[in-house]
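**Student:**
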Amino acid sequence: DAVRASGVRNGICCIYSPHTTCAIRINELERGIIEDFEVMLRRLVPVEHYYAHDDWDRRTENIVPEEVGLGNGHSHCISLLLGPAGESVPIREGELCLGTWQRVLFFELDRERDRRWLVQVVGV
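With our numbering, letter number 122 in the sequence shown gets 200, and the count goes up by one each step, no holes.
(1) When you compare each of Thr178, Phe184, Ser166 to Val81 by their alpha carbons, which one comes out closest?
(2) Between which two residues does the beta strand (DSSP E) holding Gly89 run?
(3) Please classify Ile112: does DSSP put it in a helix, a strand, or coil?
(4) Quick test of the definition: if touching needs 3 or more C-beta pairs under 8 angstroms, does the segment 125 to 142 touch the segment 99 to 109?
(5) Asn150: buried (16+ other C-beta within 10 angstroms of its C-beta) or exposed?
(6) So, at 7 angstroms on beta carbons, what are the nonlocal neighbours of Gly164 in its own chain, with the 5 sequence-adjacent residues on each side left out?
(7) Buried or exposed: Val200, going by 16 or more other Cβ atoms within 10 Å of its Cβ?
(8) Going by C-alpha to C-alpha distance, which of Phe185, Leu176, Pro162 sits closest to Ile90?
(9) Would you kindly report the start and end of the unbroken beta strand (DSSP E) that includes Leu183?
(10) Could you please give the first and the last residue of the uninterrupted alpha helix (DSSP H) stretch that includes Leu159?
(11) Give the secondary structure of Leu196 by DSSP, where H, G and I count as helix, E and B as strand, and everything else as coil.
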């Protein structure tokens, strides 16, 4: 646990991911909520819709050769809808100030691959 290892008693813990097709959120970790969330996202941002980001005849920027043909415009749109790329949680008496059911969750919005997240603990 990063907070415990830091020795910070009172401060803030920032959790951030430097990727554009994943999300870090705080919510309840319960199978039904996760399923409902996935269904809602598929309704709001269907994979099968046209996304200019995936149109390789039009796209001219930020092209990675091994990803040509892999469509993930929907993943970027979901990430934008979900907001900032991380969460900040207060620390009090050496513990994250999370509610009873709250957990820090990492959501993969695209395809499975190696991801990283950064944790910064600041305080006294």
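Ideal placement from N, C-alpha and C gives every residue a C-beta, glycine not left out.
**Tutor:** If we stick to the structure as given:
(1) Ser166
(2) 89 to 94
(3) Note: Ile112 maps to helix in three-state DSSP.
(4) no
(5) buried
(6) Closer than 7 angstroms at the Cβ level, and outside the excluded window around Gly164, lie Cys92, Ile93, Tyr94, Ser95, Ile102.
(7) Around the C-beta of Val200, fewer than 16 other C-beta atoms lie within 10 Å, and the residue is accordingly described as exposed.
(8) Leu176
(9) 180 to 186 is the extent of the beta strand (DSSP E) around Leu183.
(10) 151 to 160 is the span of the alpha helix (DSSP H), which, as asked, contains Leu159.
(11) strand
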